[in-house]
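Working notes, beginning with the structure itself.
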Amino acid sequence: MHVELLAYTQRNPALTVESVATIGDLGAIWQGKADYPENVVEFAGRVCYRSTHRMGAAADFIADRVREGHEDIIEHLVVTLRITDSLEPLRWRLLNRHCEVSELGSGAWLVSGNTRVWLDFFRRGVALEAVPILRTLAPGIFAEYAGAADISPIAGAAPLFDEAALAVLAPYEQGPMRVTLLGYTQPLLADPELALHHGAATFFFEGISRTCTHQLVRHRLASFSQESQRYVDLSKGGWKAIVPPAVAEHPQAMAELDEFWRIAEEKYAALRKMGIRKEDARFLLPNAAETRIVATMNFAAWSHFLWLRAVDKAAQWEIRAMGQAVLRMLHTLSPDVFAEHWRVYQEQFIQEA
Ligand SMILES: Cc1cc2nc3c(=O)[nH]c(=O)nc-3n(C[C@H](O)[C@H](O)[C@H](O)COP(=O)(O)OP(=O)(O)OC[C@H]3O[C@@H](n4cnc5c(N)ncnc54)[C@H](O)[C@@H]3O)c2cc1C
Numbered sequence: 135m136h137v138e139l140l141a142y143t144q145r146n147p148a149l150t151v152e153s154v155a156t157i158g159d160l161g162a163i164w165q166g167k168a169d170y171p172e173n174v175v176e177f178a179g180r181v182c183y184r185s186t187h188r189m190g191a192a193a194d195f196i197a198d199r200v201r202e203g204h205e206d207i208i209e210h211l212v213v214t215l216r217i218t219d220s221l222e223p224l225r226w227r228l229l230n231r232h233c234e235v236s237e238l239g240s241g242a243w244l245v246s247g248n249t250r251v252w253l254d255f256f257r258r259g260v261a262l263e264a265v266p267i268l269r270t271l272a273p274g275i276f277a278e279y280a281g282a283a284d285i286s287p288i289a290g291a292a293p294l295f296d297e298a299a300l301a302v303l304a305p306y307e308q309g310p311m312r313v314t315l316l317g318y319t320q321p322l323l324a325d326p327e328l329a330l331h332h333g334a335a336t337f338f339f340e341g342i343s344r345t346c347t348h349q350l351v352r353h354r355l356a357s358f359s360q361e362s363q364r365y366v367d368l369s370k371g372g373w374k375a376i377v378p379p380a381v382a383e384h385p386q387a388m389a390e391l392d393e394f395w396r397i398a399e400e401k402y403a404a405l406r407k408m409g410i411r412k413e414d415a416r417f418l419l420p421n422a423a424e425t426r427i428v429a430t431m432n433f434a435a436w437s438h439f440l441w442l443r444a445v446d447k448a449a450q451w452e453i454r455a456m457g458q459a460v461l462r463m464l465h466t467l468s469p470d471v472f473a474e475h476w477r478v479y480q481e482q483f484i485q486e487a
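If you number the sequence shown the way our numbering does, the last residue is 487 and the count never jumps.
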């Protein structure tokens with residue numbers, strides 16, 4: 135079997151050290167110990183514990199999380215390999231359905247999987263020829279293969295975006311919501327069907343409600359790392375209530391919501407003072423509670439998400455606003471893959487407005 139690296143999750147070129155330095159805690163991504171792909175993984179893990187200020191502080195943060203089983207964080211780094219001279223990939227999809235396997239003909243295959251998939255393969259003794267590539271890309275994730283020979287450093291592909299495109303790819307804010315494209319992978323593939331299944335993107339959503347993320351996480355062909363209400367105290371989290379526009383525009387309704395949120399905060403603090411654990415005190419938190427989440431999907435899964443949540447007028451206002459921000463960025467990254475979504479979005483929401 136011959137194994138060749140085709141693509142892996144790259145940083146969004148609009149996220150430079152300077153451009154995100156003062157945007158929330160996004161600048162922390164640069165403080166990790168590794169290269170960007172693994173920094174995104176550490177960042178996703180630290181979003182869960184609200185500890186992004188400690189990026190790079192713990193030598194083995196990723197390896198420790200993997201050891202203790204908090205493995206969703208390693209689903210945010212996607213790697214595509216070209217496999218030749220083997221029939222092996224035929225059965226890989228049966229072993230782990232979270233990978234994409236496409237036959238290219240003449241014994242060649244395209245296989246995309248996140249690093250959790252690749253780790254699962256290696257632990258089953260499968261695809262071991264790929265260990266040096268994965269180990270080089272992500273030494274923290276593949277720490278248990280420390281003995282494997284590393285390959286020479288892998289240069290990231292240089293994406294070419296003009297100023298206008300970079301402006302669309304920059305973090306987008308609307309009210310309390312912020313949508314940040316953290317990274318993406320997009321092997322250069324002429325076949326649109328292959329591009330759909332082997333491209334992937336990772337977003338960081340902030341300033342959204344639990345109502346919104348509950349809808350988001352119903353999308354099952356995806357990977358999520360969400361700020362924990364079990365480990366993060368309401369006061370440390372500084373969570374606010376996300377207010378629906380219909381309530382914000384109605385002074386009496388707004389007063390009711392304010393009062394309700396004040397009581398929720400007060401009673402939460404009272405339970406905590408009594409020694410009730412965060413995991414139980416959180417039972418008082420309403421759907422309005424603000425949250426943060428990192429989400430990774432391949433383009434096919436984002437495509438399905440966008441049909442339901444971005445360009446359909448039946449979608450709820452908050453997730454629709456979030457979905458439309460995602461669509462603008464994905465269409466900029468990959469205009470061919472998201473052309474039809476873009477057309478419907480323009481027709482339904484831009485031209486009609
Ligand atoms: C307007 C609207 C209203 C909704 N109302 C409700 C509601 O009242 N109650 C409620 O519970 N949910 C509701 N939902 C959620 C909805 O039913 C889905 O759970 C959610 O949108 C995720 O989408 P999905 O299931 O199509 O696909 P995803 O989970 O994103 O999966 C993508 C595709 O993979 C395939 N797939 C994934 N898993 C399976 C599986 N186990 N079996 C077969 N095929 C699979 C399907 O083809 C699916 O379309 C609503 C969604 C919308 C957009």
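Note that beta-carbon positions come from the ideal geometry of N, C-alpha and C, so glycine has one too.
Taking the beta strand (DSSP E) that residue i belongs to, which residues open and close that run?
i: glycine 341; result: 334-343
i: glutamate 393; result: First-last for glutamate 393: 385-407, but that is the alpha helix (DSSP H), not the beta strand (DSSP E).
i: isoleucine 427; result: 424-432
Going by DSSP, what residue range makes up the alpha helix (DSSP H) through residue i?
i: threonine 314; result: Looking at the DSSP string, threonine 314 is not in any alpha helix (DSSP H); the run it does join, the beta strand (DSSP E), is 311-319.
i: serine 240; result: Serine 240 -> no alpha helix (DSSP H), and no H or E assigned at all.
i: threonine 270; result: 265-271
i: valine 302; result: 297-303
i: tryptophan 226; result: 226-229
i: proline 171; result: 170-183
Here's the rule I'm using: 16 or more other beta-carbon atoms within 10 Å means buried, otherwise exposed. How should residue i be labelled?
i: proline 469; result: exposed
i: glutamine 360; result: buried
i: glutamine 386; result: exposed
i: proline 379; result: exposed
i: glutamine 480; result: exposed
i: asparagine 173; result: buried
i: serine 240; result: exposed
i: proline 305; result: buried
i: threonine 218; result: exposed
i: isoleucine 484; result: exposed
i: tryptophan 451; result: exposed
i: proline 223; result: buried
i: leucine 464; result: buried
i: phenylalanine 339; result: buried
i: valine 251; result: buried
i: phenylalanine 439; result: buried
i: glutamate 138; result: exposed
i: leucine 244; result: buried
i: asparagine 421; result: exposed
i: leucine 229; result: exposed
i: aspartate 414; result: exposed
i: tryptophan 206; result: Reading off the sequence, residue 206 comes out as aspartate, not tryptophan. Counting Cβ neighbours within 10 Å, aspartate 206 comes out buried, since at least 16 surround it.
i: proline 326; result: exposed
From the DSSP secondary-structure annotation, give me the bridge partner or partners of residue i.
i: asparagine 248; result: Val212
i: leucine 139; result: Leu215
i: alanine 191; result: In the DSSP output, where bridge partners are listed per residue, alanine 191 has none listed.
i: phenylalanine 358; result: Ala429
i: glutamine 308; result: Met311
i: alanine 375; result: Ala423
i: threonine 234; result: Before going further, note that residue 234 is glutamate rather than threonine in the sequence given. Per DSSP, Ser246.
Give the secondary structure of residue i by DSSP, where H, G and I count as helix, E and B as strand, and everything else as coil.
i: serine 153; result: helix
i: valine 478; result: helix
i: glutamine 144; result: strand
i: proline 293; result: coil
i: phenylalanine 417; result: helix
i: histidine 204; result: coil
i: histidine 353; result: coil
i: tyrosine 279; result: helix
i: arginine 411; result: coil
i: serine 220; result: coil
i: valine 381; result: helix
i: glutamate 490; result: Past the edges of the chain, shown from 135 to 487, lies residue 490, and the structure says nothing about it.
i: arginine 257; result: helix
i: glutamine 165; result: helix
i: tyrosine 324; result: It is alanine, not tyrosine, that sits at residue 324 in the sequence shown. The answer is coil: DSSP assigns alanine 324 none of H, G, I, E or B.
i: arginine 199; result: helix
Is the CB of residue i under 8 Å away from at least one CB in chain B?
i: arginine 344; result: Absent from the structure: chain B. Only one protein chain is present.
**Study point:** In chain order, each alpha helix (DSSP H) run of at least 4 residues that lies wholly inside the stretch 432-472
**Key:** 433-443 and 451-467
Check your understanding: Which residues are close to ligand 2, meaning CB closer than 5 Å to any heavy atom, in chain order?
Key -> Inclusion of ligand 2 in the displayed structure is not the case, the ligand content consisting of ligand 1 alone.
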